[in-house]
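Down below is the structure, laid out as structure tokens.
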Amino acid sequence: MQRLQYDPALEPRPDFNHDCHLDVRNALIASEALPDITTLEQAAQHLLNAWQTGNEERRALWQQQTAADRETEDQRRQQEIEDAQLKAEEEKKQEEETLKEKEKKRAKLHPIDPNKGIDRLLERLHPYARAKLQNCEFVPLWYCLPEATKEAFDNARKLTEETEFSLTKDSNSTLSVKVVDSAKPSPNARPDLSLSWTDIS
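Each step along the sequence shown adds one to the number in full-length UniProt numbering, with nothing skipped, and position 123 is 123.
What follows is the structure, encoded as structure tokens:
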């Protein structure tokens, strides 16, 4: 069925009494198939009735057409929603699979025993190495080894007791207390060249 291009309700009702329809009215009067039409007024009414019947039929077709168009549009929108949901689900599934692959490739951590403690760490820098670092001077590797750290920890109290203080005067004759660092090189220190790879690793 051919689609209607406009709403038939907008069609203006023709005036069949106009002279432009005179030939048609005369033809209806002369027609043997319509013996009841004998006047121009009856012919005009006959034409008007026929037009109204056709207009009502076109209005019904228009309503069916617009209803079908709405249904088609609703189905299209629903399909778009379903397609978007399906695409979102597929993307989410793909992301989950990607994360699973990354988790498989990630390095496994060693199991941690929450009931197991750690040994005490002797994180004490040797006084001689500290003095060198404060002066931005070279520190031999031996002072970075656990052996030097243990020596510094064992001698901490002795080094503290041997710390000396002195009075100094600045240009404004202001006296201040200055710590005299008594840190000295360790007699156990070994030159860098004598250290093995095992010692420093």
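The C-beta atom is built at its ideal place from N, Cα and C for all residues, glycine as well. No experiment lies behind these values; they were computed from the predicted model shown.
- The shortest CA-to-CA distance from Ile200 to any of Leu22, Gln45, Gln85, Pro140 is the one to Pro140.
- Counted as a single uninterrupted DSSP element, the stretch harbouring Glu137 is not any alpha helix (DSSP H), since DSSP gives it neither H nor E.
- For Asp74, the enclosing alpha helix (DSSP H) begins and ends at 40-105.
- Of the candidates Asp7, Gln2, Asp192, the residue whose Cα lies closest to the Cα of Phe138 is Asp192.
- Counting along the chain, Arg25 sits inside the alpha helix (DSSP H) bounded by residues 22-30.
- With a 10 Å radius around the Cβ and a threshold of 16 neighbouring Cβ atoms, Pro146 comes out exposed.
- 8 Å or more divides the Cβ of Ala183 from the Cβ of Ala148.
- With contacts defined as CB atoms closer than 8 Å, Leu28 and Leu34 qualify as a contacting pair.
- Of the candidates Glu56, Leu195, Thr39, Ala107, Leu195 places its Cα closest to the Cα of Tyr143.
- The beta carbon of Tyr128 sits closer than 7 Å to the beta carbons of Tyr143, Ala183, Lys184, Pro185, Ser186 from its chain, once the five residues preceding and following it are set aside; these are given in chain order.
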